[in-house]
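Below is one structure, written out as structure tokens, with a few remarks after it.
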Amino acid sequence: MKIKTKKIIIVLLLLTSVFINAQEAQINFIKSAKWEKVLKKAQKQGKLIFVDAYTTWCGPCKTMDKKVFTNKEVAAFFNENFVNIKIDMEKGEGIQLAKDWNIKAYPTLLYFNKMGEIVHRVVGFHKAKEFLTYSKMAIDENLMAINLQKRFDAGERGSAFMYDYLVSLRLGYHKELEKQVSKDYLSSLSNEDLLKKENWKIIKYFMQNPCTKSFQYLVNNIDEVAAVNGVEEVNNKLYGTIDEQIKKWAYWRGDKPFETEKENNLFKFLQASNYQKSPILIAKILVNRHKRSGDTDKYLAVLDHMIQFNLVSKSTDKLQYAMDVINTIKSDVAWAKALQWLNIAENEETRIEHKARILEAKSKILTKLGDKSEAELAALEAKKADKEAEKAGTKIHYIPAIKMIVGGDPENN
Numbered sequence: 189m190k191i192k193t194k195k196i197i198i199v200l201l202l203l204t205s206v207f208i209n210a211q212e213a214q215i216n217f218i219k220s221a222k223w224e225k226v227l228k229k230a231q232k233q234g235k236l237i238f239v240d241a242y243t244t245w246c247g248p249c250k251t252m253d254k255k256v257f258t259n260k261e262v263a264a265f266f267n268e269n270f271v272n273i274k275i276d277m278e279k280g281e282g283i284q285l286a287k288d289w290n291i292k293a294y295p296t297l298l299y300f301n302k303m304g305e306i307v308h309r310v311v312g313f314h315k316a317k318e319f320l321t322y323s324k325m326a327i328d329e330n331l332m333a334i335n336l337q338k339r340f341d342a343g344e345r346g347s348a349f350m351y352d353y354l355v356s357l358r359l360g361y362h363k364e365l366e367k368q369v370s371k372d373y374l375s376s377l378s379n380e381d382l383l384k385k386e387n388w389k390i391i392k393y394f395m396q397n398p399c400t401k402s403f404q405y406l407v408n409n410i411d412e413v414a415a416v417n418g419v420e421e422v423n424n425k426l427y428g429t430i431d432e433q434i435k436k437w438a439y440w441r442g443d444k445p446f447e448t449e450k451e452n453n454l455f456k457f458l459q460a461s462n463y464q465k466s467p468i469l470i471a472k473i474l475v476n477r478h479k480r481s482g483d484t485d486k487y488l489a490v491l492d493h494m495i496q497f498n499l500v501s502k503s504t505d506k507l508q509y510a511m512d513v514i515n516t517i518k519s520d521v522a523w524a525k526a527l528q529w530l531n532i533a534e535n536e537e538t539r540i541e542h543k544a545r546i547l548e549a550k551s552k553i554l555t556k557l558g559d560k561s562e563a564e565l566a567a568l569e570a571k572k573a574d575k576e577a578e579k580a581g582t583k584i585h586y587i588p589a590i591k592m593i594v595g596g597d598p599e600n601n
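If you want this note's numbering, it's the 1-based position in the sequence shown plus 188.
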């Protein structure tokens with residue numbers, strides 16, 4: 189009996205220990221403290237200051253709080269190196285601090301030296317591993333944003349430095365400055381320099397305009413670029429950059445003048461180029477043009493040919509085109525055509541989380557077509573797929589994030 193009792197006590201102690209350790213895995217935030225008091229505490233302890241600048245309505249802020257700040261490695265790093273504070277930027281002194289600190293989006297994670305200067309900034313939701321990598325930059329003299337800015341202002345322009353500097357601009361959500369700096373740097377490179385491996389990371393992550401001479405030189409010399417940086421990686425980058433620009437034009441809503449000249453220049457370049465993927469990209473531009481002009485018949489005809497001849501290979505792209513039809517065209521013929529595309533996408537898709545989205549779209553379009561029983565069946569299948577994805581940990585959550593690879597070899601981070 190005594191032995192049995194001892195075993196029970198040991199089990200209870202172990203469970204208690206596990207519970208306590210779980211509780212301890214969190215950043216120790218100071219709440220409701222005045223900024224001046226936080227500064228004095230940091231100066232006394234000789235630590236940096238970490239500020240979680242949040243709002244009560246910010247969903248990604250809550251996710252960071254629940255899933256990232258409770259990570260064991262994250263908590264240990266911040267508790268060791270920082271005085272940590274949470275500030276609601278829409279209450280009390282947070283209102284003025286948001287202006288002083290030039291906060292434009294949430295969550296904004298700020299890193300201060302003990303004198304109260306911002307030395308580093310990270311904006312947006314990031315998973316624990318990424319967030320820890322980005323935060324470690326704040327204690328690295330070579331990577332903290334304030335020092336990188338000083339080096340840039342002093343005229344430093346080496347490729348390794350420029351990559352780190354551009355990363356800091358992206359993490360800090362300095363969109364316009366990042367765009368200008370990357371444009372200036374890339375346009376300053378000779379054709380020979382564009383082909384050098386040392387510049388590839390900057391090209392890969394920061395060259396976003398397919399209408400520049402530099403980008404089009406890379407497309408026309410794709411074999412040379414691929415020989416240095418890998419066929420798949422180069423193909424993905426070059427095609428992805430052009431495709432992303434075409435998608436931006438597809439979602440033009442008229443609040444600004446359309447970039448007609450820029451689109452025409454890209455169209456002519458693709459027509460003249462020997463680039464293997466020019467036909468699909470030209471077709472996508474034509475789809476956009478027919479959609480903008482309101483020529484529904486041509487829009488559907490080109491789109492249907494693209495899908496039937498497998499020029500649209502990704503099921504997620506087929507889904508997007510179908511959703512465009514569902515949301516912008518009121519026609520049974522168009523909806524029936526979109527349903528065909530969704531059926532093709534459903535048969536091709538093996539990832540349960542994406543199949544759930546396809547089934548949701550099918551339910552919507554079947555409802556529009558008046559097929560209530562099939563619509564209900566598709567909706568049930570979508571819910572079932574969603575549950576499977578949730579169980580597998582692959583469910584798609586629409587949380588905005590700013591992704592970036594920091595330092596070293598991007599493929600090994």
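Cβ coordinates follow ideal geometry from the N, Cα and C atoms, glycine included.
{"query": "I273 - containing beta strand (DSSP E), residue span", "result": "270-276"}
{"query": "Beta-carbon proximity of T243 to E278, cut-off 8 Å", "result": "yes"}
{"query": "Start-to-end residues for the beta strand (DSSP E) that takes in R309", "result": "306-311"}
{"query": "Buried versus exposed call for G312 [16 or more other C-beta atoms within 10 Å across all chains shown]", "result": "buried"}
{"query": "Length at least 4, wholly inside the segment 421-487: the alpha helix (DSSP H) runs in chain order", "result": "448-460, 466-481"}
{"query": "For A414 and D240, the rounded distance between their alpha carbons", "result": "42 Å"}
{"query": "Close Cβ partners of G581 (< 8 Å) along its chain, the five nearest in sequence each way excluded", "result": "none"}
{"query": "Bridge partners - T244, DSSP secondary structure assignment", "result": "For T244, which the question treats as bridged, DSSP gives no partner whatsoever."}
{"query": "Closest by C-alpha distance to L527, when choosing among H542, N498, D492", "result": "D492"}
{"query": "Exposure of A210, with buried meaning 16 or more beta-carbon neighbours within 10 Å", "result": "Unreliable positioning characterises A210 in this predicted model, as indicated by a pLDDT of 45, which lies under 50. The coordinate reading is nonetheless provided below. So A210 ends up on the exposed side."}
{"query": "The segment 401-415 / the segment 433-452 touching (three or more Cβ pairs under 8 Å)", "result": "no"}
{"query": "Under 8 Å between C-beta atoms of A264 and Q214", "result": "no"}
{"query": "CA nearest to the CA of K392, picked from Y509, H362, Y427", "result": "Y427"}
{"query": "Beta bridge counterpart(s) of Y299 as assigned by DSSP", "result": "F238, H308"}
{"query": "Limits of the alpha helix (DSSP H) - the one that I584 falls within", "result": "Run containing I584: none; DSSP gives neither H nor E here."}
{"query": "Neighbourhood of C399 by C-beta, 7 Å cutoff - its chain only, sequence neighbours within 5 removed", "result": "K450, N453, L454"}
{"query": "Beta-carbon separation (whole angstroms), A549 vs M511, contact threshold 8 Å", "result": "6 Å"}
{"query": "Closest Cα partner of K479 within the set Y509, V369, S503", "result": "Y509"}
{"query": "Counted within 10 angstroms of its Cβ, other Cβ atoms place F497 as buried (16 or more) or exposed", "result": "exposed"}
{"query": "Sheet register partners of F217 (DSSP bridge)", "result": "N272"}
{"query": "Among K317, F349, H314, E318, nearest to E329 - alpha-carbon criterion", "result": "F349"}
{"query": "Buried versus exposed call for M129 [16 or more other C-beta atoms within 10 Å across all chains shown]", "result": "Nothing about residue 129 can be read from this structure; the chain reaches only from 189 to 601."}
{"query": "Beta-carbon proximity of A567 to S551, cut-off 8 Å", "result": "yes"}
{"query": "Own chain partners of R154 with C-beta closer than 8 Å, once the 5 adjacent residues on each side are dropped", "result": "With the chain running from 189 to 601 in the structure shown, residue 154 is simply not present."}
{"query": "Neighbourhood of L336 by C-beta distance below 7 Å, restricted to the same chain and skipping five residues each side", "result": "D352, Y353, S356"}
{"query": "Residue from K389, E562, L365 whose Cα sits closest to the Cα of V422", "result": "K389"}
{"query": "Closer than 7 Å: D240 CB and nearest the ligand SAH heavy atom", "result": "Summarising the ligand content, the structure contains no ligands, and the ligand SAH is consequently not present."}
{"query": "Beta-carbon proximity check, V490 vs L474, cutoff 8 Å", "result": "yes"}
{"query": "Under 8 Å between C-beta atoms of F238 and N272", "result": "yes"}
{"query": "Beta carbon of L554 nearer than 8 Å to that of A563", "result": "yes"}
{"query": "Assigned secondary structure, H362 (DSSP; H/G/I helix, E/B strand, else coil)", "result": "coil"}
{"query": "Alpha carbon of S370 to alpha carbon of L557, nearest angstrom", "result": "48 Å"}
{"query": "8 Å CB neighbourhood of D276 in its chain, flanking five on each side removed", "result": "Y242, T243, T244, G282"}
{"query": "Beta carbon of Y322 nearer than 8 Å to that of V307", "result": "no"}
{"query": "Boundaries of the alpha helix (DSSP H) in which V521 is found, first to last residue", "result": "520-536"}
{"query": "Backbone CA spacing between P248 and K575 [nearest angstrom]", "result": "22 Å"}
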